[in-house]
Amino acid sequence: MEFFMTIKQILLTGFVLLMSFALLVISASGEYNPDNPERDQDDIGQKIDSLLSIMTLDEKIGQMTLYTSDMDQTGAFLRPEYIDDIKAGRVGSIFNAYGAEYTRYLQEMAVNETRLGIPLLFGYDVIHGHRTIFPVPLGETASWDIDMMRLTAEVAAREAAAEGLHWTFAPMVDIARDARWGRIVEGGGEDAYLVSLMGAAKVEGFQGNSLNDLHTLAACVKHFAAYGAAQAGRDYHSVDMSDRMLREVYLPPFKAAIDAGAVSVMTAFNDLNGIPATSNTYLFQDILRDEWEFDGFVVTDYTAIMELLYHGVASDASHASELALKAGIDISMQDGFYHQTLADLVDDGRVTEAQINQAVANVLRVKFRLGLFDDPYRYSDPEREKAEVMKPENIEIARDMARKSIVLLKNEDQLLPISSSIRNIAVIGPMADNRRDLIGSWSAAGDWTKSVTLLEGLKKRMPDVNFIYAEGTDIDGNSREGFSAAVAAANNADLVILALGEAYWMSGEAASKVDISLPGVQEDLAKELNKTGKPIVAVLMNGRPLTINWLDENIPAILETWFLGTTAGDAIADVLYGDYNPSGKLPVTFPRHVGQIPIFYNMRNTGRPFDADSKYTSKYLDIENEPLYVFGYGLSYTTFEYSPITLSGNELRTDGSIEASITVSNTGGYEGEEVVQLYIHDKVASVARPVRELKGFQKINLMPGESKDVVFTITNDELAFYRADMSFGSEPGKFTVYIGGNSRDTQSAEFVLTE
Ligand code: NOJ
């Protein structure tokens, strides 16, 4: 025994020496070269092989294990058992740990106290900003400004990477057509084309040109797949959908994010047609790895392997791990199931070491690409942290993004922008001087105490105006006690700004609702104020489409501002006073009634399309089919007119292209931006096609009186779909092109596709 131990120690020392040498060699040649990614990939492949060859099974499983850091009154801490695990090489990554000093302290543990010194990967939910908080993703997508979405991800990455983070659990690209689902706020809305562009831009922003760049983060596209289609909008609920729907609507944003270079993917909590995503071989092996050739790593969502027990597809922890590993899941988040069971599963021959090697290689590849083997502490730099976090440029970018995310829903008689001659303004409502909710859900390390409230923004913008504040009521209480003070404030003013909405926690994870009207007695407050006869501007702050029919019918001006983040109050004041002319367009349909859900613009026509004069057509008895606000809708302080569409030809060959042109004119009195949207409809096909689908858009700026020609090139690519036999391609025949400022009010023209 003693002899064995001595040999073991000698062997171990040999391993360590060998490893130190290996790490030295790896480091010396390890600089990632973005200009030559292929050479670099080969090189990384060799490094991974040499590292795998000296790792024990336990150390390998460690790389497949992710645990959380926690917070208490004294700050961040790691549970003692995780500290032991790190030191024993049984943990490969940590999430919810950030800060240059704290991450360095944890990294030292991994590097100095484990046998092989493999650095930890630090992950975190940097969803819409790290310290500087940008609008919630649904809000940002309303800007339809892809460059800005890329830029805010870049800024978020700079701040987060300066605080020791390597990896963000973003972007979330789950299509959501159900406003009851609280997580609708975390994604880009209902349309596959728009969300694909958003997702790709986010990946590009987070990851930059090279993961090895010190200012970038590895992206994690989530939640694969179809999480947004949870039955009845209830979070975590089952999803049952056709392969056609999956591939046409729910998968394209993931493909786009992966094509943009996303190096990791997170599993969804839901089951898809009975198979939980976390054990879904079809999703992770067949589609992700085989069809899409994804070579990054896959992480579960929080405790999702354990949840296979509750789904009822695994009998115990070992069975759950076996299913997940075989489905292609590389890292278990938080449940520790891989850690507890994989070694025995290998011993029992239920999984192979080759399967484990594959998973570990996927993880190590990203660690190499991040440069962690060159310098494990390169992201944990207190000086850089001080310089990058919430620097003035970041705040400016946040304000710009926030203004661009605002959607003007109504503006009767040009009530907005507010005339600077109005000297007495009542600012009323639970969101009017609200700071806590402005940064929305999943606001990472954002500090809500640093946000600017609407009232503060207004006072800064107009120091000489008398703003009379009254809360009126709280967000979801039933108290009307504040109504009389609010009415008095309105009576003393010439204009009312009424800020209404949801608390930040009412959307996001585990925040589904069956009632999506304004919570509490906020609408009653609006009704009371309306009786004063004063003109009212409603400013909404919320994370999902709301049913606001009464406001739409009675309040002359309505601004949808979502949760705009750190600079919310400044950005709203910019828009209210016309320093910025609103240009946002809804990325999601606003229903009139929760009973219309799911409701989205690109539905199929049915065999009995709506006809008001015919009972037996597709409609409700008690409400119209039309939503309150359609997808793509949003007003400006100016007005735009669209000419008829001109096509460069009426026939398109599958190998050719045609141009659809339209002239857009600014016919109002303000400079303004317009999102010119292109939709296409395939009139006859082997499967019923959506009534129209977004296929392009351009955001243009026009001075008053100015006109611009906007040209879209249409090729076979825009016409392809999953045909009756599920092959992907177009079918010859007639198509309609629609161009306009939203998905309903459009010009149209027709062409024929020929082979
Ligand atoms: C659960 C959420 O579903 C996921 O989006 C998030 O990234 C993880 N928790 C980690 O916080």
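Numbering (my numbering), first residue to last: 1278 to 2032.
The C-beta atom is built at its ideal place from N, Cα and C for all residues, glycine as well.
Keep in mind it's a predicted model, so treat the numbers as computed, not measured.
Just verifying my parser: in three-state terms, what is the DSSP assignment at residue i?
i, result
"Tyr1897", "coil"
"Leu1300", "Here Leu1300 scores only 48 on pLDDT, less than 50, and its place in the model is too uncertain to base an answer on."
"Ala1675", "helix"
"Glu1417", "helix"
"Val1640", "helix"
"Ala1456", "coil"
"Gly1861", "coil"
"Leu1979", "strand"
"Ala1433", "helix"
"Leu1289", "Because the pLDDT of Leu1289 is 40, which lies under 50, any placement of that residue in the model is unreliable, and the question is left without a value."
"Glu1630", "helix"
"Ile1331", "helix"
"Arg1881", "strand"
"Asp1451", "coil"
"Ile1363", "helix"
"Lys1985", "strand"
"Tyr1309", "Only weak support exists for where Tyr1309 lies, its pLDDT of 38 falling under 50; the value from the coordinates is given anyway. Here Tyr1309 sits in coil by DSSP."
"Lys1804", "helix"
"Leu1428", "helix"
"Gly1376", "coil"
"Leu2030", "strand"
"Asn1743", "strand"
"Lys1371", "The question names Lys, yet the displayed sequence has Ile at residue 1371. In the structure shown, Ile1371 sits in a strand (DSSP, three-state: E or B)."
"Glu1748", "coil"
"Glu1315", "The predicted model places Glu1315 with a pLDDT of 42, which falls under 50 and marks its position as unreliable; any figure quoted below should be read in that light. Three-state DSSP puts Glu1315 in a helix."
"Ile1552", "strand"
"Ala2001", "coil"
"Leu1649", "coil"
Checking contacts by CB at 8 Å: is residue i closer than that to chain D?
i, result
"Ala1456", "Included in the structure is just one protein chain, with no chain D present."
Looking at the ligand NOJ, does it come within less than 7 Å of residue i, judged from the CB to the closest heavy atom?
i, result
"Phe1446", "yes"
"Asp1520", "no"
"Met1543", "yes"
"Tyr1579", "yes"
"Lys1499", "yes"
"Asp1402", "yes"
"Glu1786", "yes"
"Phe1483", "no"
"Phe1372", "yes"
| task | Tell me the start and end of each unbroken alpha helix (DSSP H) in the stretch 1466 to 1547 that is at least 4 residues and wholly inside, in chain order. | result | 1469 to 1484, 1529 to 1536
| Pairing CB atoms from the stretch 1874 to 1892 with CB atoms from the stretch 1438 to 1449, are three or more of them under 8 Å? | no
| request: Could you name each continuous beta strand (DSSP E) segment of 3 residues or more that falls completely within the stretch 1751 to 1790, going from the start of the chain to the end? | output: 1772 to 1778
| field | 3-residue-minimum beta strand (DSSP E) runs that sit fully inside the stretch 1657 to 1736, ordered along the chain | value | 1684 to 1688, 1701 to 1705
| request: Write down every uninterrupted run of the beta strand (DSSP E) in the stretch 1810 to 1855 whose length is 3 residues or greater and which is fully enclosed by it, in chain order. | output: 1813 to 1818, 1834 to 1837
| said: Taking 8 Å as the cut-off, does the stretch 1802 to 1822 touch the stretch 1443 to 1452 (at least 3 CB pairs, one atom from each stretch)? | reply: no
| At what residue ranges does the stretch 1925 to 1967 contain a whole run of the alpha helix (DSSP H), taking only runs of 4 or more? | none
| query | Is the number of C-beta pairs between the stretch 1717 to 1732 and the stretch 1394 to 1408 that are closer than 8 Å three or more? | reply | yes
| field | Cβ contact (3+ pairs, closer than 8 Å) linking the stretch 1949 to 1965 and the stretch 1994 to 2002 | value | yes
| query | Quick check: the stretch 1500 to 1510 against the stretch 1894 to 1907, are there 3 or more CB pairs under 8 Å? | reply | no
| said: Three Cβ pairs or more, each shorter than 8 Å: is that satisfied between the stretch 1851 to 1863 and the stretch 1945 to 1955? | reply: yes
| said: Quick test of the definition: if touching needs 3 or more C-beta pairs under 8 Å, does the stretch 1459 to 1478 touch the stretch 1513 to 1522? | reply: no
| field | the stretch 1652 to 1668 touching the stretch 1821 to 1840, judged by at least three CB pairs closer than 8 Å | value | no
| task | May I have a chain-ordered list of the beta strand (DSSP E) segments no shorter than 3 residues that lie completely inside the stretch 1570 to 1618? | result | 1574 to 1576
| message | Closer than 8 Å is the cut-off here; do at least three beta carbon pairs connect the stretch 1728 to 1745 with the stretch 1422 to 1435? | response | no
| message | Within 8 Å, do at least three Cβ pairs link the stretch 1543 to 1560 to the stretch 1596 to 1607? | response | yes
| said: Tell me whether the stretch 1686 to 1693 and the stretch 1429 to 1437 touch, counting them as touching only if at least three CB pairs, one residue from each stretch, are closer than 8 Å. | reply: no
| How do the stretch 1658 to 1669 and the stretch 1365 to 1384 stand: do at least 3 beta-carbon pairs fall below 8 Å, yes or no? | yes
| query | Three or more C-beta pairs closer than 8 Å, one from the stretch 1333 to 1340 and one from the stretch 1633 to 1641: is that the case here? | reply | yes
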